[in-house]
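In our numbering, the protein residues as written are 6 to 477. We treat Cβ as the ideally placed atom computed from N, Cα and C, and that holds for glycine.
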Ligand code: 4AD
Ligand code: MG
């Protein structure tokens, strides 16, 4: 049998002899009794182990001294009903093994364990990202992340979307935003030394024989499979070298991108709305203890908010109507809204919090501010784009119906100065058996931010990568 986890111990009937394994959170002493809270991260709760030292077991008593916060232990004992409030069971401890000490004070070349009992700022914890999963907050974030990753697969598998793996290294800039990290094996020092004036680089000498980079999106490759398997999704890491130092942007983040053939924008919106509601429901049902913690300590009311989104109908509004609404309140904004502008955070906030009081799907954006692949409307000005905005956070999903007409797509690419030859495989999807199709991208970290109420995106991924930051 595998070693028992604490979450499993909580499901056992009292009376059992067992071993508790984990890390000490706290220790309290009261007369002859020593209370030790042990946590193993398998669930939010710690289990209390009580040592009764009145019997005079000096062996255990001497070892209790090294039971400091952070020490790892194996404690043998009996599961008994707990007299204390707030816990049904506790362990009457009889044997103790300290597997690893965590000194409370510096000694020799070992410094004190940094996570002492007091509260730590999130900024400080970011500096010790390798230890922060041992805190309540980051343990809870990690469990919610895990549950949500599973829920993503449950949602799509139940709807016959097939999981595909799209490349991480690619030569095509799917979003055309020029935010790709370059991948090269060229000797940069030698290039720099040989070319002080900055001559042209011969990429035929590079590893892939051409300029390559880290993917900004798996969409274009997902489209190739959607036009063969009908419904697919990707779920993988994506990279953007944007110089945006905000609480909502990472240089490396995870994205879920469904893509479906014979889906029009309306189907895409329905899928996105059902998807978010299903994820929130899974969080409410599957992470109740963790969410209760976020509700009490991170963002008051988060549980009620998630439930209200599940029960709501998302408001659908065209970009043109949204801008008209914003223009009526232009005085409220630092950045004056006008038709053609990219929506700013303050505009998204107004739309979700004042106009709709809930999630909003904005559609049919001006073509100039959206990617080349979006289906063009007959008005010649707008495209079949959709962004899902949520209160507090703004954009959580971006997607569109794709341009399935070869001439129109080629025309748009020419306007943008894109090289047709680089995308010939993508254009083939329109040359052979083209179909209307649509998809979207959900930023996984934005989702986790929304569910947990964590204010900074760097606190919902184990090791954040952002401008000037690639520690661990
Ligand atoms: O709106 P975006 O750029 O859309 C795409 O990449 C499309 N190819 C998706 C598709 O249609 N298949 O990005 C999608 C989502 C955003 O709505 C946001 O949630 C998240 O990805 N996102 C980021 N998350 C963290 N850090 C960043 N720098 C992000 N950029 C986008
Ligand atoms: Mg977007």
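Contact check, residue i vs residue j under 8 Å by CB: the rounded distance?
| i | j | result |
| --- | --- | --- |
| residue 186 | residue 219 | 4 Å |
| residue 108 | residue 98 | Wrong, their Cβ atoms sit about 22 Å apart, outside the cutoff. |
| residue 480 | residue 406 | Nothing in the structure corresponds to residue 480, since the chain is present only between 6 and 477. |
| residue 403 | residue 445 | 7 Å |
| residue 153 | residue 453 | 6 Å |
| residue 84 | residue 20 | 7 Å |
| residue 4 | residue 156 | Residue 4 lies beyond the range of the chain shown here (6 to 477); nothing can be said about it. |
| residue 39 | residue 32 | 7 Å |
| residue 82 | residue 103 | Residue 82 to residue 103, Cβ: 15 Å. No contact. |
| residue 15 | residue 94 | 7 Å |
| residue 394 | residue 421 | Their Cβ separation, rounded to whole angstroms, is 26 Å, which puts residue 394 and residue 421 out of contact at 8 Å. |
| residue 41 | residue 17 | Contact doesn't hold; Cβ gap of about 19 Å is too wide. |
Taking C-beta to C-beta, are residue i and residue j nearer than 8 Å?
| i | j | result |
| --- | --- | --- |
| residue 54 | residue 66 | no |
| residue 256 | residue 245 | yes |
| residue 390 | residue 368 | yes |
| residue 252 | residue 44 | no |
| residue 299 | residue 145 | yes |
| residue 480 | residue 76 | Absent from the model: residue 480. The displayed extent of the chain is 6 to 477, so no value can be given. |
| residue 477 | residue 135 | yes |
| residue 380 | residue 408 | yes |
| residue 237 | residue 167 | yes |
| residue 366 | residue 319 | yes |
| residue 52 | residue 25 | yes |
| residue 399 | residue 353 | yes |
| residue 189 | residue 207 | no |
| residue 303 | residue 115 | no |
| residue 282 | residue 314 | yes |
| residue 173 | residue 242 | yes |
| residue 221 | residue 184 | yes |
| residue 5 | residue 401 | Within the shown structure, residues of the chain are numbered from 6 to 477, placing residue 5 beyond reach of any answer. |
| residue 9 | residue 23 | yes |
| residue 340 | residue 351 | yes |
If you run the structure through DSSP and keep just helix, strand and coil, what is residue i?
| i | result |
| --- | --- |
| residue 423 | coil |
| residue 442 | strand |
| residue 242 | strand |
| residue 468 | coil |
| residue 418 | helix |
| residue 58 | helix |
| residue 171 | coil |
| residue 162 | helix |
| residue 212 | coil |
| residue 303 | coil |
| residue 1 | Nothing about residue 1 can be read from this structure; the chain reaches only from 6 to 477. |
| residue 271 | helix |
| residue 95 | strand |
| residue 108 | coil |
| residue 113 | coil |
| residue 102 | strand |
| residue 219 | strand |
| residue 448 | strand |
| residue 206 | coil |
| residue 298 | helix |
| residue 409 | coil |
| residue 454 | helix |
| residue 266 | strand |
| residue 476 | coil |
| residue 285 | helix |
Would the C-beta of residue i count as close to the ligand ZN, meaning under 7 Å from any of its heavy atoms?
| i | result |
| --- | --- |
| residue 400 | Annotation note on the ligand ZN: not contained in the displayed structure, which lists the ligand 4AD and the ligand MG as its ligands. |
Output the residue ranges of the beta strand (DSSP E) runs that lie fully inside the segment 333 to 403 and measure 3 residues or longer, sorted by chain position. 365 to 368 and 390 to 395
Assess contact between the segment 220 to 238 and the segment 430 to 449, defined as three or more Cβ pairs (one per stretch) separated by less than 8 Å. Is contact present? yes
With a cut-off of 8 Å, do at least 3 Cβ pairs link the segment 175 to 182 to the segment 305 to 321? no
Using 8 Å as the threshold, is the segment 367 to 385 in touch with the segment 404 to 418, meaning 3 or more CB pairs across them? yes
Identify every run of the beta strand (DSSP E) within the segment 8 to 93, keeping only runs that are complete inside it and at least 3 residues long; order them along the chain. 22 to 35, 38 to 44, 52 to 57 and 77 to 86
Counting Cβ pairs closer than 8 Å, one from the segment 288 to 302 and one from the segment 383 to 400, do we hit at least three? no
Three or more C-beta pairs under 8 Å: does that hold for the segment 123 to 135 against the segment 188 to 199? no
If we require 4 or more residues per run, which alpha helix (DSSP H) segments fall completely within the segment 123 to 162? 127 to 132
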